[in-house]
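Asker: As given, the protein sequences belong to chains A and B, one line each in that order. So for the first sequence, numbering that gives the first Met the number 0 puts the first residue at 0; every next one is plus one. So for the second sequence, numbering that gives the first Met the number 0 puts the first residue at 0; every next one is plus one. For reference, the structure I am asking about is given below.
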Amino acid sequence: MAIRQLSVFVENKQGSLHNITDAIANAGINLRSMCVADTSNYGIVRIIADDPEGAKELLDKDGQAANVRLVNAFAVPDKPGGLASVLRLLEGNGVNIEYMYALITSESGKAYSVMRTGDTEETDRILVANGIELLDESKLH
Amino acid sequence: MEKRKYYQEAIETMPVEEIKKMQSEKLVRQVAHVYKNVPYYRDLMDKKGVKPEDIKGIEDLYKLPFIEKSDLRETYPYGMLAVPLADCVRIQSTSGTTGKRVIAYYTQHDIDLWEECCARAIVAVGADREDVVQVSYGYGLFTGGPGLNGGSHKVGALTLPMSSGNTERQLQFMLDMKATVLCCTPSYAAYLGESLKEQGYTPDQIPLKAGIFGAEPWTQEMRHNIEETLGIKAYDIYGLTEISGPGVSFECSAQGGMHINEDHFLAEIINPETGEPLPEGTKGELVFTCLDKEAFPLLRYRTRDICVLTREPCPCGRTHIRMAKPMGRSDDMMIIRGVNVFPSQIEAVLLAEGFSENYLIKLGRANNSDTFDVYVELRPEQFDDSVKNITAMEKSLANAMRNMIGIGPSVHLVPPKTIARSEGKAKRVIDERNLHD
Ligand SMILES: [Zn+2]
């Protein structure tokens, strides 16, 4: 199962990040993980939260550019070369990875990875078929 | 009865050589009239060393001094008047958004020729005395309402003198009186169209068949939208109070530019930097000379509008020269790497490509060359989480701009609401080039 991710298009400038996180926190929405991709002109903040739609609505009202989409999240196999083996598997199946970041949860002992690929559904299918443990959204709440 | 194609066929389809001969005769008379009756212009001619007898025809036009907007401010209120005030029957005035108002004076002859020009524009959209013309331009000092109102009378159509505003009433009269031609600003036409749509009217339930829209810049995109929501054909009209009002030029059924009423207004294109006349087909500043107005006959008035003229034969049969829709104001013109660029061209691309019109142009210097950056706000719904797509949109916008203006900027998409909005006119250009030289 893919999980929902909120992303926000922000200015690459001090303050724009905590403006977003403050707004979300003030609405009582829990942030589980966050990652920032930036270029010289802008940044994209990607957030896993327990109510992404609610957070988007909040940002929409403020006129910000926010988007909710499905991304793949899976447990990184706990062995040497664990992550590399998943990447090889996807590459071997012709999956194109746009970005990837680590996700921290309170569940001990497990590292999770979030990725957006060219085809989220197909990626999900490949991961399941190969016995990779997926992160279920319900585990985040 | 077959519909008339022209309001004044003999004039509107006159062979070009005859038009030029007529213009030459009128120009000689007009220069004599102005030299005798307008001391301010007489001084300008004297300073340039030009006498009325030096002007033997339109080929001598270039010898005459220009009149600029600043001259009109300086001579406010009576300084350009060429007849006794008692001979005038009306004034009209500009809105004064860019400084002091300009007051234009009209004798009955001047009103008649102006209204005739508007009548030509109304007939050119396929209307005649059977039609119902709804004039929703403002009435009063603004020339829009009075001009089209008078033109509609001359055509013999039933005229609805609505003026602007009060949308409920506009729609009620449009529907109850079965208006067939709507005259207003394009933005108001779009608004009326949206209001009708909201109330559940489909284009076939709206009696209108044509619209005559002007007095503000509008795009091809807007034209399509208006045509679709109202179920009409939308025509452009051009004019300025200083020269008479709407109807200086108008679009015909061929819609390939606006025919200038050349029997009254002599058009030139000049280089806005040097004032030198440019050959037909070259982009430059539009200059008008009033050939037979009596009260306020401006000679070589610089409009600041940048456009192109063409005398290619028009399928409608009219022989009068056509002007393209103005593509910008010479005051706004930037010269970037030697190419003339107007903010309006950037705006046109943004609109056509579905982008927000909140943008900023930044010019600078690097490696002995101009840098040209355009920042554009992304609309929230255009964001889909992908850097790849943002980069692709930036590239396609840059390409579209290169196609439009000849040189390509670097386009940078930025988040919504991050480009500063100022009171009144937005600051669209930051030119830091001289800081680096
Ligand atoms: Zn024509």
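The C-beta atom is built at its ideal place from N, Cα and C for all residues, glycine as well.
Which partner residues does B:Lys232 have in the DSSP bridge list?
Answerer: BP columns for B:Lys232 point to B:Ala209.
Asker: Starting from the N-terminal end, write out each residue whose C-beta falls within a distance shorter than 6 Å of any non-hydrogen atom of ligand 1.
Answerer: Result: B:Cys251, B:Ala253, B:His258, B:Cys313, B:Cys315 and B:Arg317.
Asker: If we ignore side chains and look at the alpha-carbon of each, how far apart do B:Leu345 and B:Ser329 end up?
Answerer: It is Ile, not Leu, that sits at residue 345 of chain B in the sequence shown. Taking the straight line from one Cα to the other gives about 15 Å.
Asker: Can you name the residues that DSSP bridges to B:Gly283?
Answerer: DSSP lists B:Cys306 as partners of B:Gly283.
Asker: Pull up the distance between the alpha-carbon of B:Leu349 and that of B:Val37, whole angstroms please.
Answerer: Answer to the nearest angstrom: the Cα atoms are 46 Å apart.
Asker: State buried or exposed for B:Gly280, treating a residue as buried only when at least 16 other CB atoms are found within 10 Å of its CB.
Answerer: Exposed is the call here.
Asker: Would you say A:Arg68 lies against chain B (beta-carbon separation less than 9 Å)?
Answerer: Closer than 9 Å to some Cβ of chain B, the Cβ of A:Arg68 qualifies, so yes.
Asker: Counting Cβ pairs closer than 8 Å, one from the segment 65–73 of chain B and one from the segment 113–122 of chain B, do we hit at least three?
Answerer: No: fewer than three Cβ pairs fall under 8 Å.
Asker: Could one say the Cβ of A:Ser6 lies closer than 9 Å to chain B's Cβ atoms, at least one of them?
Answerer: Yes, contact with chain B.
Asker: Indicate whether at least one CB of chain B lies closer than 9 Å to the CB of A:Tyr100.
Answerer: For A:Tyr100, the answer is no, since every Cβ of chain B falls outside 9 Å of its Cβ.
Asker: For B:Glu431 versus B:Leu359, is the C-beta distance shorter than 9 Å?
Answerer: Not a contact, by the Cβ cut-off of 9 Å.
Asker: Could you pull out every residue in the same chain whose Cβ sits closer than 8 Å to the Cβ of A:Glu120, ignoring the five residues on either side in sequence?
Answerer: So the qualifying residues of the chain are Ala1.
Asker: If I follow the unbroken alpha helix (DSSP H) through B:Ile110, where does it start and stop?
Answerer: From DSSP, the alpha helix (DSSP H) with B:Ile110 extends over Gln107 to Ala123.
Asker: Strictly below 9 Å CB to CB, what residues from chain B border A:Gly62?
Answerer: The contacting residues are Pro379, Pro415 and Lys416.
Asker: Put B:Ile18 into one of helix, strand or coil per three-state DSSP.
Answerer: Helix.
Asker: Would B:Thr302 and B:Glu261 qualify as a contact pair, given that the criterion is a beta-carbon distance under 9 Å?
Answerer: Cβ distance not < 9 Å, so B:Thr302 and B:Glu261 don't count as in contact.
Asker: Smallest Cα separation from A:Ala22: which of A:Ala48, A:Asn71 and A:Arg115?
Answerer: Nearest option by C-alpha distance: A:Ala48.
Asker: Distance check for B:Leu265 and B:Ser23, CA to CA, integer angstroms please.
Answerer: Their backbone Cα atoms lie some 10 Å apart in a straight line.
Asker: Three or more C-beta pairs closer than 8 Å, one from the segment 78–92 of chain B and one from the segment 277–291 of chain B: is that the case here?
Answerer: Segments in contact, no.
Asker: Taking B:Asp372 as the reference, which of B:Thr390, B:Glu352, B:Cys183 and B:His411 has the closest Cα?
Answerer: B:Asp372 has its Cα closest to that of B:His411, out of B:Thr390, B:Glu352, B:Cys183 and B:His411.
Asker: Where does B:Tyr5 sit, in a helix, a strand or coil, going by DSSP?
Answerer: Three-state DSSP puts B:Tyr5 in coil, outside helix and strand.
Asker: Using only CA atoms, which one of B:Thr184, B:Pro206, B:Phe141 and B:Gly144 lies nearest to B:Gln171?
Answerer: Of the listed residues, the one whose Cα sits closest to B:Gln171 is B:Pro206.
Asker: Do you know how far the Cα of B:Lys426 is from the Cα of B:Ser343?
Answerer: Spanning the two alpha carbons is a distance of roughly 13 Å.
Asker: Flag this pair as yes or no: are the beta carbons of B:Gly508 and B:Val180 separated by less than 9 Å?
Answerer: Past the boundaries of the shown model lies residue 508 of chain B; chain B is included only from 0 to 436, so the question cannot be answered.
Asker: Which parts of the segment 357–414 of chain B are runs of the alpha helix (DSSP H), unbroken and 4 residues or longer, counting only runs that do not cross its ends?
Answerer: If we require 4 residues or more, the alpha helix (DSSP H) runs fully inside the segment 357–414 of chain B come out as 386–404.
Asker: Of all Cβ atoms in chain B, is any one closer than 9 Å to the Cβ of A:Gly90?
Answerer: Note on residue identity: the sequence assigns Glu, not Gly, to residue 90 of chain A. By this cut-off, A:Glu90 is not an interface position.
Asker: For B:Pro408 versus B:Arg378, is the C-beta spacing smaller than 9 Å?
Answerer: No, they are not a contact pair.
Asker: What residues of chain B sit near A:Val9, judged by a beta carbon separation below 8 Å?
Answerer: Per Cβ cutoff of 8 Å: Pro414.
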